[in-house]
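Report on one structure; see the data block that follows.
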Amino acid sequence: MQVLDACSPKELRFVHQQLVQRGSHGVDFLRMLPVELGQQILSHLDVRSLGRAQQASGGGGGGGGGDAALRARRGRAGADARRQAPLWRSVSEAAVVWEAMLRSLRRGWPDTPAGAPAGGPAGGEPPQLRRLGIADLRRECRALRAREHTWRCCRPIRRALFPHADKVTALRIRGGVMASGSYDRMCSVWDVASQRLLHMFETHTVSCIDLAPAHGVVATGSFNREIRIWQMETGECLQTLTQHVNAVLALCMDGDMVFSGGADCLLIAWDWRRGSLAGTFAGHHGKISAVCCARVCGELLLFSASFDGTLRCWSTRTFQCIASARFGQPVLCMDVGDGIIAAGTDQAVVLIAVKARVDATGGVAVDLGARRELQLETSFGRAVHHVALNGRFLAAFGRELTVWGLDPPVLHQRLIEGDGLSHGSLAMDSSCVVVGEADGHVVVFDFTPARGVSPV
């Protein structure tokens with residue numbers, strides 16, 4: 006169906022004629038295409054569509070089925086010519102099917118291995134998958150299927166951490182490392198996999214947080230209008246940035262850059278190594294509630310949400326707004342995933358498709374397209390103050406914590422029932438959901454398949 010949707014009327018008439026002539030035997034159209042085009046089509050199909058294509062081509066189950074495009078190439082070239090062909094043409098049919106399936110399963114997960122599609126909104130064509138043996142391909146496919154099944158159908162293991170003495174106001178996970186901040190003026194750094202405390206140091210009253218494990222630094226924003234950069238291991242303050250005139254409510258990091266938004270409606274870019282102002286983004290007329298950055302088509306873009314009811318996309322090269330979306334009510338929270346944005350408003354979570362392309366001037370043009378709204382009347386019943394994406398799933402946190410699938414957008418799990426409490430913060434990666442609570446606890450919901458999660 007994904008292929009037919011892109012056909013012109015003339016092409017659809019040809020398909021109809023072929024179906025009438027063949028009757029109920031079906032038509033393997035990939036057999037008629039060059040192998041390169043067939044592989045390109047297979048790389049865009051999901052797992053279910055790949056299975057149907059495999060059945061249509063007459064293949065068996067699992068990894069033993071044949072790929073129609075490669076079988077057509079084999080029929081034209083012959084066995085002798087195939088043995089003399091380059092390596093990419095001599096790959097077995099089963100390996101090509103498993104590669105296409107693995108590429109589909111990896112799409113969206115933020116921690117895909119080397120050679121897998123990169124995350125980020127509308128990141129373009131995925132790079133060539135590194136060559137693996139059939140056994141390795143099958144093993145990775147099974148691991149990804151187990152991970153997705155766990156998120157959809159299994160109850161996670163719940164663990165409580167006790168890093169703070171007051172409300173946890175900020176959480177962020179990067180590269181398997183989690184940082185948390187609180188009203189108690191402490192910042193803690195944890196290893197997510199082992200849930201082991203790595204570092205803890207005294208800061209200011211933290212309102213927002215981000216970290217760059219590769220550089221060994223943590224950035225914190227405060228209600229006292231300051232942004233500070235801390236050495237992760239020693240707790241030494243490396244830089245203090247003081248351009249905001251009101252509380253700093255949101256920030257994010259990318260390399261040497263820090264982007265911050267505050268209650269003063271300012272959206273600012275900093276070079277944290279130099280401790281200097283890099284530029285400002287003008288356009289919001291309300292408090293900045295969330296900022297996220299992502300590399301799209303080779304350019305770093307900044308996404309911001311505001312209480313003025315708008316969501317904007319900015320070029321960090323020109324500091325200009327290149328796309329915007331209006332909601333008509335304050336946008337309380339936001340997160341950016343692979344080709345999608347999740348924005349939370351009063352009693353609603355809206356999913357916005359992100360499409361990007363390189364324009365004639367060499368810049369990136371972004372379209373904030375179709376919107377889908379989650380059916381919240383059966384779950385939250387109150388405003389959602391935090392959302393987080395991990396590529397395949399969405400976590401929403403207000404008076405209760407729920408996990409949703411993105412395709413289709415359907416409620417999978419309710420991890421915390423509505424209890425009337427005001428919760429502090431939310432973070433998410435491919436293996437867990439983490440929430441910070443008003444009593445200083447950090448609760449980890451571990452979805453790692455190997456750790457014995459139980460079916461719902």
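If you count the sequence shown from 1, position 226 lands on 231 in our numbering, and the numbers rise without skipping. Idealized CB from N, CA, C, for every residue including glycine.
Here's the rule: buried if 16 or more other CB atoms are within 10 angstroms of the residue's CB, otherwise exposed. What is residue i?
i      : result
Phe308 : buried
Cys192 : buried
Gln334 : exposed
Glu238 : exposed
Asp351 : exposed
Thr208 : buried
Pro122 : Its pLDDT being 35, under 50, Pro122 is placed unreliably in this model, and the coordinates cannot settle the point.
Leu431 : buried
Leu202 : exposed
Phe19  : exposed
Gly429 : buried
Ala365 : exposed
Using the C-alpha atoms, what's the distance from residue j back to residue i?
i      : j      : result
Pro118 : Cys326 : Because the pLDDT at Pro118 is just 41, under 50, the model does not fix this residue reliably, and the value given afterwards should be weighed accordingly. Distance between the alpha carbons of Pro118 and Cys326: 33 Å.
Gly314 : Asn251 : 20 Å
Ser199 : Phe228 : 32 Å
His446 : Gly403 : 16 Å
Ala170 : Trp195 : 17 Å
Gly180 : Asp434 : 9 Å
Gly303 : Val440 : 32 Å
Ala127 : Ile345 : With a pLDDT of 43 at Ala127, under the threshold of 50, the modelled position of this residue cannot be trusted; read the value that follows with caution. Cα to Cα, Ala127 sits roughly 8 Å from Ile345.
Gly64  : Val301 : Reliability fails at Gly64, whose pLDDT of 45 lies under 50, so the model's placement of it is uncertain and the value that follows must be treated cautiously. Straight-line Cα distance between these residues: approximately 38 Å.
Thr321 : Gly342 : 18 Å
Ala361 : Gly349 : 22 Å
His204 : Gly240 : 8 Å
Leu216 : Cys159 : 30 Å
Leu134 : Leu394 : Note that Leu134 scores 47 on pLDDT, short of 50, meaning its location in the model is unreliable and no value can be drawn from it.
Asp189 : Ala151 : 39 Å
Phe332 : Ala148 : 39 Å
Trp277 : Asp259 : 10 Å
His390 : Val263 : 23 Å
Ala353 : Cys318 : 21 Å
Arg164 : Pro218 : 23 Å
Ala443 : His220 : 30 Å
Arg177 : Val363 : 31 Å
Thr285 : Asp141 : 48 Å
Asp261 : Ala375 : 33 Å
Thr210 : Leu379 : 34 Å
Val197 : Ala388 : 28 Å
Gln236 : Ala400 : 30 Å
Cys145 : Gly396 : The sequence shown places Glu at residue 145, rather than the Cys named in the question. Approximately 17 Å between the Cα atoms of the pair.
Which residue wins for smallest C-alpha separation from residue i, given the options the options?
i      : options                           : result
Ser4   : Arg160, Met237 and Thr225         : Since the displayed the chain opens at 6 and closes at 461, residue 4 lies outside it and no answer follows.
Thr245 : Ala175, Trp275, Glu231 and Ala299 : Glu231
Ala268 : Met262, Asp261, Gly280 and His289 : His289
Ala370 : Arg150, Ala151 and Leu305         : Leu305
Leu271 : Val336, Arg144 and Ser311         : Ser311
Leu243 : Ala151, Ala217 and Val222         : Val222
Phe206 : Arg278, Asp364, Ala184 and Ala401 : Ala184
Pro454 : Asp141, Cys146, Glu145 and His154 : His154
Gly280 : Ala401, Arg233 and Ala140         : Arg233
Could you pull out every residue in the same chain whose Cβ sits closer than 6 Å to the Cβ of residue i, ignoring the five residues on either side in sequence?
i      : result
Arg377 : Leu356 and Pro414
Leu166 : Val447
Asp451 : Pro161, Ile162 and Cys437
Leu373 : Ala328, Ala330 and Ile357
Glu422 : Glu405
His417 : Arg157, Val408 and Gly410
Cys257 : Asp215, Phe264, Val296, Cys297 and Cys298
Lys292 : Ala268 and Phe312
Within 7 Å: the Cβ of residue i and any heavy atom of the ligand COA?
i      : result
Thr210 : In the structure on display, the ligand COA does not appear, and there are no ligands present to speak of.
Spatial neighbours of residue i within its chain, please: C-beta separation below 7 Å, excluding the five flanking residues on both sides.
i      : result
Phe398 : Trp156, Val408, Trp409, Gly410 and Leu411
Ser212 : Thr174, Ala175, Gly226, Ser227, Phe228, Ala252, Val253 and Leu254
Gln248 : Ile273 and Leu282
Report yes if the CB atom of residue i is closer than 8 Å to the CB atom of residue j, and no otherwise.
i      : j      : result
Leu316 : Ala299 : no
Val449 : Leu420 : no
Ala287 : Ala274 : no
Val392 : Ala347 : yes
Using C-beta distances below 8 Å, list every residue in its chain close to residue i, excluding the 5 sequence neighbours before and after it, in chain order.
i      : result
Ser294 : Leu254, Ala255, Gly266, Ala310, Ser311, Phe312, Pro335, Val336, Leu337, Cys338 and Met339
Gly368 : Glu304, Ser320, Arg322, Thr323 and Ile327
Cys182 : A small fix is needed here, since residue 182 is Val in this sequence, not Cys. Excluding residues within five positions, the ones whose Cβ falls inside 8 Å are Val194, Trp195, Asp196, Val197, Leu203, Leu216 and Pro218.
Lys172 : Ser187, Tyr188, Gly429, Gly441, Glu442, Ala443, Asp444 and Gly445
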